[in-house]
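> Can you keep this structure in mind? I'll have questions shortly.
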Amino acid sequence: MRHAPSLRLETDVLIIGGGLAGCWAAITAAQAGAKVVIAEKGYCGTSGVAASAGPGHWFIPPEGTLRRDAIARRLEMAEGLGDADWMETIIDRTFRTLPTIASHYRYTQDDNGKIRYHALRGPEYLRALRQKALDSGVIILDHSPALKLLRHDDGSVAGATGVSLKSELDRWSIRAGATILATGGCAFRSHLLGSSNNTGDGLLMAAEAGACFSGMEFSAFFTIVPATTTMARTMIYSFARYYDGAGHELERPASPHNNHFLAEMLRTGPVFCDLSRVPDDIRSQLPQISPNVPLTFQRLGIDPFTQRFPISLVGEGTIRGVGGIWVTNRHAGCDVPGLYVAGDVASREPVTGAISGGGAVNAAWALSSGCIAAESAVVYTRKQRRSLKEPIIPSPEYETVTRDHKAVERAVQDEMLSPHKQYFRTAFSLEKSSQALEAAWQQLSGDTVQNTNARAQLRQHELKALAAASRWCTVSALARKESRGIHYRTDSETVETPTHILSGGIANPWARSVPVKAFS
Ligand SMILES: Cc1cc2nc3c(=O)[nH]c(=O)nc-3n(C[C@H](O)[C@H](O)[C@H](O)COP(=O)(O)OP(=O)(O)OC[C@H]3O[C@@H](n4cnc5c(N)ncnc54)[C@H](O)[C@@H]3O)c2cc1C
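With the sequence shown counted from 1, adding 103 to any position gets you my numbering.
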């Protein structure tokens, strides 16, 4: 049975996803005088991965050679995939913009009385962004996930449709002059804190509209958590020592993000962590920066600074991985007219390179790309001035659900959330993953039953997105035959010239390498 959309709106700029990137985009577009709507799957102000974190930003003053030095360091780590000009843009934008929420956010000072602009308390930060967006005139639709982009006859994006989870069966349809995707990365439902909505929906919508991806192979990112929890914070683990079940200390690599050795050890037995080397100032700041970290240990009855505790690894996929929608120009566009991208849904290769941007760069990217996408969207919509009466391609209905959801999700997770499969990739293991994921994909288009329930439609869309994202990650990992950054092949070939791996396709996922070139 087909239901007419129950809510119809028209706006200049539609933003899909109200996390860090979406909120900054909304504030920027509204302050430029545009009519703005955010459609958010959860509750804007508490959803998205930054809301439960303590996001640090790449926040570098223009003095002396500070920026030049920071960019040089990042370019070295980027392993040939970074873009110095783009990095400069992101740093400058973040530095100028972050302090503008002082009206809504209480910054703290460091020991020298300097305002700590770069490190924010996630819950208060996101609440402040929501309030600032509302004060700027933004309309926020909470619990309103988007499922499909609307398109004009010429293929340009004309808004989106979705469902409202507050009232079953309710659908919404928003015609927009320009649309920004800010739906975050995809953690394959690993239970990473704050990521339950990060199911790759925006990636699927973008692919359906004709966009492609880059860097999806850089999705092998796993974070240490106290065993049986999802408390994924990386900072304190820079000081960690690790022990096997017999109490022997494990040799750890220099890079704090390289957890391959833990994946290897966890295959054969428990691994214990010792945080006794965490400096006193960090211990004392922890309750302010990340109050939920000490709380987790309290609940476990563990003093992490004096007692060893068992750990495990939680998958982050493309969240603190790198890949996403290929950003094709300096306007945060993706070669689909009317569609702009911001934050983790977009590929961060030019700013983070082949390694994770977690810790500072990602948050700066989310903020800056949000602002840039918003400005571009406003210019686009003012230039186009398309009639709202123009026909749009009707969006296909999601009226079917497969009989066995869990099997598809499990199949995706078996491949994408196995630290061993992701950390130690070979052509053989990746081919096997591809086959398993293809079988899961086939289940989605197989046996179906009728269902018009809003949650079931969302669930169907999420499953499709999870399966599609896992296939793009896998074909990309197969196409990058070398080891580079967080993509590690045990059967690595030597490739002299760095390339990007682009990917796309829905029924038949593809991947190919292209030369690295500066943005136009
Ligand atoms: C534990 C943790 C700590 C981190 N700490 C740092 C740090 O210190 N420094 C740093 O640089 N980076 C850090 N990061 C990364 C940083 O938080 C992210 O890069 C940033 O939050 C990305 O913002 P985003 O808006 O793109 O995505 P998100 O914050 O994930 O927001 C995406 C939003 O889209 C919504 N959404 C999803 N699908 C739909 C749909 N179909 N329709 C509508 N809405 C939808 C979601 O509900 C969510 O609100 C951390 C990440 C984690 C997981």
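Don't be surprised by glycine CBs; every beta carbon is placed ideally from N, CA and C. Only a predicted model underlies this, so the values are computations on that prediction, with no experimental measurement involved.
(1) Please specify which runs of the beta strand (DSSP E), each continuous and at least 3 residues long, are wholly inside the stretch 210-244, giving them in chain order.
(2) May I ask which residues mark the beginning and end of the beta strand (DSSP E) holding Pro394?
(3) Quick one: Cα of Pro329 to Cα of Arg423, how far?
(4) Less than 8 Å separating the beta-carbons of Pro624 and Ala281?
(5) Among Leu250, Val578, Gly418 and Ala477, which residue has its Cα nearest to the Cα of Gln560?
(6) Give the range of the alpha helix (DSSP H) segment to which Trp275 is assigned.
(7) Under 7 Å: does the beta carbon of Val448 sit that close to some heavy atom of ligand 1?
(8) Using C-beta distances below 8 Å, list every residue in its chain close to His360, excluding the 5 sequence neighbours before and after it, in chain order.
(9) What's the gap between the Cα of Thr331 and the Cα of Glu320?
(10) Mind checking whether the beta-carbon of Glu512 lies closer than 7 Å to any heavy atom of ligand 1?
(11) Report the rounded CA-to-CA distance for Gln212 versus Gln391, giving the unit in angstroms.
(12) In angstroms with no decimal places, state the Cα-to-Cα distance between Ala449 and Gln134.
(13) If I'm right that Thr631 touches Ser548 with Cβ under 8 Å, what's the distance once you round it to whole angstroms?
(14) I'd like the list of long-range same chain contacts for Leu569, defined as Cβ closer than 8 Å, with 5 residues on each side in sequence excluded.
(15) With C-beta atoms as the reference, is Trp429 less than 8 Å away from Leu605?
(16) With distances taken between CB atoms, is the gap from Asp256 to Ile496 smaller than 8 Å?
(17) Which value, in whole angstroms, describes the spacing of the CA atoms of Ala309 and Arg230?
(18) Shorter than 7 Å, the distance from the beta carbon of His160 to the closest heavy atom of ligand 1, or not?
(19) Taking Cβ positions, are Leu268 and Arg558 nearer each other than 8 Å?
(20) Do Phe400 and Phe375 have their C-beta atoms within less than 8 Å of each other?
(21) Taking the beta strand (DSSP E) that Ser606 belongs to, which residues open and close that run?
(22) Contact check, Ile163 vs Ile194 under 8 Å by CB: the rounded distance?
(23) Please name the residue in Lys567, Pro522 and Val617 whose C-alpha comes closest to that of Glu367.
(24) Considering only residues of the stretch 528-571, which uninterrupted alpha helix (DSSP H) runs meet the minimum length of 4 residues and lie entirely inside it, listed in chain order?
(25) Please look up how many angstroms separate the CB atoms of Leu284 and Gly473, rounded, as I've assumed it's under 8 Å.
(26) Hey, is Asp304 close to ligand 1, as in C-beta under 7 Å from one of its heavy atoms?
(27) Less than 8 Å between the beta carbons of Arg219 and Tyr210, yes or no?
(28) Are Ser171 and Ser276 touching if we call contact CB-CB under 8 Å?
(29) Helix, strand or coil, according to DSSP, for Ser317 in the structure here?
(30) Going by Cα to Cα distance, which pick from Phe198, Phe316, Ser109 and Val481 is closest to Val266?
(31) Round the Cβ separation of Trp161 and Leu232 to the nearest angstrom and send it over; I've been treating them as touching at under 8 Å.
(32) Thr409 to His564, Cα distance in whole Å?
(33) For Ala435, tell me which candidate among Pro397, Val464 and Tyr483 has the shortest Cα-Cα distance.
(34) Please name the residue, chosen from Ile327, Ile204, Glu113 and Ala621, that lies closest to Asp377 on a Cα-to-Cα basis.
(35) Thr197 and Ser471 look like a contact to me (Cβ under 8 Å); what is the Cβ gap, rounded to whole Å?
(36) Could you give the distance in angstroms between the alpha-carbon of Gly404 and the alpha-carbon of Val464?
A quick look at the data gives this:
(1) 242-244, all fully within the stretch 210-244.
(2) Per DSSP, Pro394 belongs to no beta strand (DSSP E) and is neither H nor E.
(3) 18 Å
(4) Residue 624 lies beyond the stretch modelled for the chain, which goes from 104 to 623, so this question has no answer here.
(5) Leu250
(6) No alpha helix (DSSP H) holds Trp275; the beta strand (DSSP E) holding it covers Arg274 to Leu284.
(7) yes
(8) Phe324, Thr337, Ile458, Ser459, Gly461 and Ile589
(9) 28 Å
(10) No, Cβ of Glu512 sits at least 7 Å from all heavy atoms of ligand 1.
(11) 12 Å
(12) 23 Å
(13) Nothing about residue 631 can be read from this structure; the chain reaches only from 104 to 623.
(14) Cys289, Phe291, Arg292, Thr302, Gly303, Val511, Glu512 and Val515
(15) Going by C-beta atoms, Trp429 is nearer than 8 Å to Leu605.
(16) yes
(17) Cα-Cα distance, rounded: 28 Å.
(18) yes
(19) Arg558 sits close to Leu268, with the two beta carbons spaced by under 8 Å.
(20) no
(21) Thr602 to Gly607
(22) 5 Å
(23) The option with the nearest alpha carbon to Glu367 is Pro522.
(24) Fully enclosed alpha helix (DSSP H) runs of 4 or longer: 530-547.
(25) 11 Å between Cβ atoms; not a contact.
(26) yes
(27) yes
(28) Per the sequence shown, residue 171 should be read as Arg rather than Ser. It is not a contact, given that the beta carbons lie outside the stated cut-off.
(29) strand
(30) Ser109
(31) Actually they are not in contact, since the Cβ atoms of Trp161 and Leu232 sit about 18 Å apart, beyond 8 Å.
(32) 46 Å
(33) Tyr483
(34) Considering only alpha carbons, the answer is Ile327.
(35) 5 Å
(36) 34 Å
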